[in-house]
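Chemist: My questions will all concern the structure given below.
Number of protein chains: 2
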Amino acid sequence: MSAGSAAQAVPATRREQILAAAAELFAAHGFHGVGIDDIGAAVGISGPALYRHFRSKDAMLGEMLISISRELFSEGKERAAAAEDPSKALAELVTFHTNFALDNPALITVQERNLGNLREDDRKQVRALQRQYVEVWVGAISAAVPGITEERARSAAHAVFGLLNSTPHNRYVDSTELAELLHRLALGALHAAR
Amino acid sequence: MSAGSAAQAVPATRREQILAAAAELFAAHGFHGVGIDDIGAAVGISGPALYRHFRSKDAMLGEMLISISRELFSEGKERAAAAEDPSKALAELVTFHTNFALDNPALITVQERNLGNLREDDRKQVRALQRQYVEVWVGAISAAVPGITEERARSAAHAVFGLLNSTPHNRYVDSTELAELLHRLALGALHAAR
DNA sequence: CGATTACGTTAGTCATCGTTAACTGCGATC
DNA sequence: GATCGCAGTTAACGATGACTAACGTAATCG
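Those protein sequences? They're chains F and U, same order as listed.
In this text, residue positions in the first sequence follow the numbering used here: the first is 28, and each later residue adds one.
In this text, residue positions in the second sequence follow the numbering used here: the first is 28, and each later residue adds one.
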């Protein structure tokens, strides 16, 4: 269900394994709340060995946030463009984002919370990608909700991100039902945006 | 507009002044990303002087999260109970929460992100209060949306919190219009929850 | 008027953190 | 089969962080 590249049993490369473990830890304790030794221990090696794979702790955060932002944008753009009409494009974006959040709760959490811990240049890059992703949504909302202003569409997009990204803290129903519920809630909200 | 006790020009007590400054810093850099000296500097005193007012840095976070949780719960419960019918109760909760988030963006952000940095006993207390607040919403949603299950209502409540709490990162329209938009989005979402 | 209390200050302590250095084993390559 | 480079180890270093100690000052109060 859903086409994510989420928690696989045997991660492809060591780098990816480290990034996955670090994401989990950053999500739970915050960037500064996690030590280099904690990350190492989570993948069975100890502390400084991480520097064989990353230039710094900052670089780990940078790499994970840039790659997630890039994936959201490029995949989102593609799916929206492939849809046959505006209303289907919006529904497709909702489905895509929902599944992504369900498949990558740690990454979503880190992206939401730890943008401020990025180095200046990485932050610039992530923000640029996020802006582009938001514009994909603004386009889809503008086309699907007649008469809405661009500013309201942008605000609505951010609000719906907040709604869908609440997924990691929302484990009261199984994920199939949760996906369906979030889909309805998001489209219901956007429909009401006028 | 809105009856919050938000950013006043001259904070009542020194303690409150410190908590407000700390909330701002925690929201921006994360709990562990802020030093005791930073907080002191933000209120014009230097570092260790804070220990005349708080037992520890942990205690500052604990106090701010407990008080915000308490206020949300007690005020929310009261307003929901005072409404004349279920649909008005839900609308009132949405209005209240929206205005609270608009008036206290830093506190809302800290509550969302830094629960994991609390000391065990404080975290227990905050979680208990949050649970009670959620139950107020679950009651209102269950009464206003016929046929919805309790679990779906709870999930929907969390999702709507995510939507409304996105406020701090949502400054594309002025706050009057944003409040109105968020109100529509939230009720639109809940209406679609079935 | 003298003592206490409230609220600051600066200097120091001790733990911890990110990072580097120096060294080691091991599998592939020429 | 010697060599090279990848991926790991432990030890150390400098910086920084939370917190304590010792001290100062001004207002309050008995």
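Glycine residues also receive a C-beta, built at the ideal position from the N, C-alpha and C atoms.
What you are looking at is a predicted structure, and each value in this text was computed from that prediction instead of being measured.
In this structure, does DSSP put Arg221/U in helix, strand or coil?
Modeler: In the second sequence, counting from the first residue as 1, residue 221/U sits at position 194. Looking at Arg221/U - three-state DSSP - the assignment turns out to be coil, as it is neither helix nor strand.
Chemist: State buried or exposed for Arg179/F, treating a residue as buried only when at least 16 other CB atoms are found within 10 Å of its CB.
Modeler: Working through the first sequence from its first residue, we reach residue 179/F at position 152. Buried, since its Cβ has 16 or more Cβ neighbours within 10 Å.
Chemist: Quick one: Cα of Arg41/U to Cα of Gly71/F, how far?
Modeler: Residue mapping note: residue 41/U aligns to position 14 of the second sequence, counting from 1. Residue mapping note: residue 71/F aligns to position 44 of the first sequence, counting from 1. Roughly 47 Å separates the two Cα atoms.
Chemist: Is Ala55/U close to chain F, meaning its C-beta is less than 8 Å from at least one C-beta of that chain?
Modeler: Here residue 55/U is taken as the residue at index 28 of the second sequence, counted from 1. Yes, Ala55/U lies at the interface with chain F (some Cβ there is under 8 Å from its Cβ).
Chemist: According to the Cβ coordinates, are Val172/F and Ala220/F closer than 8 Å?
Modeler: Translated into positions along the first sequence, residue 172/F becomes position 145. Translated into positions along the first sequence, residue 220/F becomes position 193. Taking 8 Å as the Cβ cut-off, Val172/F and Ala220/F qualify as a contacting pair.
Chemist: For His196/F and His185/U, what's the separation of their Cα atoms in angstroms?
Modeler: Stepping through the first sequence from its first residue, residue 196/F is reached at position 169. Stepping through the second sequence from its first residue, residue 185/U is reached at position 158. Their Cα atoms are separated by approximately 8 Å.
Chemist: Where does Asp148/F sit, in a helix, a strand or coil, going by DSSP?
Modeler: Locating residue 148/F in the first sequence gives position 121, where the first residue counts as 1. Looking at Asp148/F - three-state DSSP - the assignment turns out to be helix.
Chemist: Grouping DSSP H, G and I as helix and E and B as strand, with all else coil, what is Gly103/U?
Modeler: In the second sequence, residue 103/U corresponds to position 76, counting from 1. In this structure, Gly103/U counts as helix in the three-state DSSP scheme.
Chemist: Helix, strand or coil: how does DSSP classify Thr203/F here?
Modeler: On the first sequence, residue 203/F is found 176 positions in, with the first residue counted as 1. Three-state result, Thr203/F: helix.
Chemist: Who are the Cβ neighbours of Ser169/U in its own chain at under 7 Å, not counting the five residues just before and after it?
Modeler: Locating residue 169/U in the second sequence gives position 142, where the first residue counts as 1. Ile175, Glu177, Ala180, listed in sequence order.
Chemist: Nearest chain F C-beta to Gly215/U closer than 8 Å, yes or no?
Modeler: Taking the first residue of the second sequence as position 1, residue 215/U is located at position 188. Closer than 8 Å: yes.
Chemist: Let me check understanding here. Comparing Cα to Cα, which of Ala167/F, Leu191/F, Ala47/F lies closest to Pro113/F?
Modeler: Within the first sequence, the letter at position 86 stands for residue 113/F. When only C-alpha atoms are compared, the closest one is Ala167/F.
Chemist: In angstroms, rounded to a whole number, what distance separates the CA positions of Ala216/U and Ala206/U?
Modeler: Translated into the one-based positions of the second sequence, residue 216/U becomes position 189. Translated into the one-based positions of the second sequence, residue 206/U becomes position 179. C-alpha separation (whole angstroms): 15 Å.
Chemist: Can you name, in chain order, every residue of its own chain whose Cβ lies under 7 Å from the Cβ of Glu90/U, other than the five neighbours on each side?
Modeler: For the purposes of this step, residue 90/U is identified with residue 63 of the second sequence, where counting begins at 1. Same-chain partners within the cutoff: Leu46.
Chemist: What separation, rounded to the nearest whole angstrom, lies between the Cα atoms of Ala36/U and Phe188/U?
Modeler: As a working note, residue 36/U is residue 9 in the second sequence. As a working note, residue 188/U is residue 161 in the second sequence. In this prediction, Ala36/U scores a pLDDT of 41, lower than 50, which makes its location untrustworthy; no coordinate-derived value is stated.
Chemist: From which residue to which residue does the alpha helix (DSSP H) around Phe58/F run?
Modeler: Taking the first residue of the first sequence as position 1, residue 58/F is located at position 31. From DSSP, Phe58/F is part of no alpha helix (DSSP H); its letter is neither H nor E.
Chemist: Beta carbons nearer than 7 Å to chain F: which residues of the segment 142-166 of chain U have them?
Modeler: The segment 142-166 of chain U vs chain F, Cβ under 7 Å: Gly143, Asn144.
Chemist: Just to confirm, is the Cβ distance from Ala213/U to Ala133/U under 8 Å?
Modeler: Taking the first residue of the second sequence as position 1, residue 213/U is located at position 186. Taking the first residue of the second sequence as position 1, residue 133/U is located at position 106. Going by C-beta atoms, Ala213/U is not nearer than 8 Å to Ala133/U.
Chemist: Looking at C-beta atoms only, is the number of pairs between the segment 66-81 of chain F and the segment 112-127 of chain F that lie closer than 8 Å three or more?
Modeler: The segment 66-81 of chain F, when compared against the segment 112-127 of chain F, does not touch it at the 8 Å Cβ threshold.
Chemist: Would the beta-carbon of Ala183/F fall within 8 Å of that of Leu208/U?
Modeler: Within the first sequence, numbered from 1, the residue matching residue 183/F stands at position 156. Within the second sequence, numbered from 1, the residue matching residue 208/U stands at position 181. Going by C-beta atoms, Ala183/F is nearer than 8 Å to Leu208/U.
Chemist: Over the uninterrupted alpha helix (DSSP H) stretch that includes Arg179/U, give me the two end residues.
Modeler: For the purposes of this step, residue 179/U is taken as the residue at position 152 of the second sequence. From DSSP, the alpha helix (DSSP H) with Arg179/U extends over 177-191.
Chemist: How many whole angstroms separate the CB atoms of Ser101/U and Gln157/U, which I take to be in contact at a CB cut-off of 8 Å?
Modeler: Position 74 of the second sequence, counted from the first residue, corresponds to residue 101/U. Position 130 of the second sequence, counted from the first residue, corresponds to residue 157/U. The pair is not a contact, with the Cβ atoms about 13 Å apart (cut-off 8 Å).
Chemist: Just tell me which of Ala108/U, Arg211/U, Tyr78/U, Pro75/U has its CA closest to the CA of Glu162/U.
Modeler: Reading the second sequence from its first residue, position 135 is the one you call residue 162/U. Ranking the options by Cα distance to Glu162/U, first place goes to Ala108/U.
Chemist: Check Pro173/U in the structure and name its three-state DSSP category.
Modeler: Position 146 of the second sequence, counted from the first residue, corresponds to residue 173/U. Pro173/U falls in the coil class under three-state DSSP.
Chemist: Distance cutoff 8 Å, beta carbons only. Does Val121/F sit that close to anything in chain U?
Modeler: As a working mapping, residue 121/F is identified with position 94 in the first sequence. Chain U contact via Cβ: absent.
Chemist: Measure the C-alpha to C-alpha separation of Met28/F and Leu52/F and round it to an integer number of angstroms.
Modeler: In the first sequence, residue 28/F corresponds to position 1, counting from 1. In the first sequence, residue 52/F corresponds to position 25, counting from 1. Model confidence at Met28/F stands at a pLDDT of 40, short of 50, so the residue's coordinates are unreliable; what they give is reported in the following sentence. Approximately 26 Å, taken between the alpha carbons.
Chemist: If we count the other Cβ atoms within 10 Å of its Cβ and call it buried at 16 or more, is Glu119/F buried or exposed?
Modeler: Translated into the one-based positions of the first sequence, residue 119/F becomes position 92. Buried.
Chemist: In the DSSP assignment, find the unbroken alpha helix (DSSP H) run with Ser73/F in it and report its ends.
Modeler: By one-based count along the first sequence, residue 73/F stands at place 46. That residue, Ser73/F, is in no alpha helix (DSSP H); it is neither H nor E in DSSP.
Chemist: Looking only at C-alpha atoms, which of Tyr199/U, Trp164/U, Arg211/U, Thr194/U sits nearest to Arg106/U?
Modeler: Within the second sequence, the letter at position 79 stands for residue 106/U. The shortest Cα separation from Arg106/U among Tyr199/U, Trp164/U, Arg211/U, Thr194/U belongs to Trp164/U.
Chemist: Could you check whether the Cβ of Leu129/U sits closer than 8 Å to any Cβ belonging to chain F?
Modeler: What you label residue 129/U is simply residue 102 of the second sequence in a count that begins at 1. No - not a single Cβ of chain F is within 8 Å of the one on Leu129/U.
Chemist: Is Ser193/U buried or exposed, if buried means 16 or more other CB atoms sit within 10 Å of its CB?
Modeler: Locating residue 193/U in the second sequence gives position 166, counting from the first residue. Buried: at least 16 other Cβ atoms inside 10 Å.
Chemist: Mind checking if Glu43/U is an interface residue toward chain F, Cβ cutoff 8 Å exclusive?
Modeler: In the second sequence, the residue the question calls residue 43/U occupies position 16. Answer no: the Cβ-Cβ gap between Glu43/U and chain F never drops below 8 Å.
Chemist: Just to make sure I have the definition right: I need the residues of chain F whose C-beta is within less than 8 Å of the C-beta of Ala183/U. Which are they?
Modeler: Taking the second sequence and counting its residues from 1, the one referred to as residue 183/U is at position 156. Near Ala183/U (Cβ distances below 8 Å), the residues of chain F are Leu208, Leu212.
Chemist: Considering only the beta carbon of each residue, do Arg140/F and Arg150/U sit closer than 8 Å?
Modeler: The residue labelled residue 140/F in the question sits at position 113 within the first sequence. The residue labelled residue 150/U in the question sits at position 123 within the second sequence. Not a contact, by the Cβ cut-off of 8 Å.
Chemist: Under DSSP, the alpha helix (DSSP H) around Ala118/F begins and ends at which residues?
Modeler: Here the question's residue 118/F lines up with position 91 in the first sequence. Residues 113-130.
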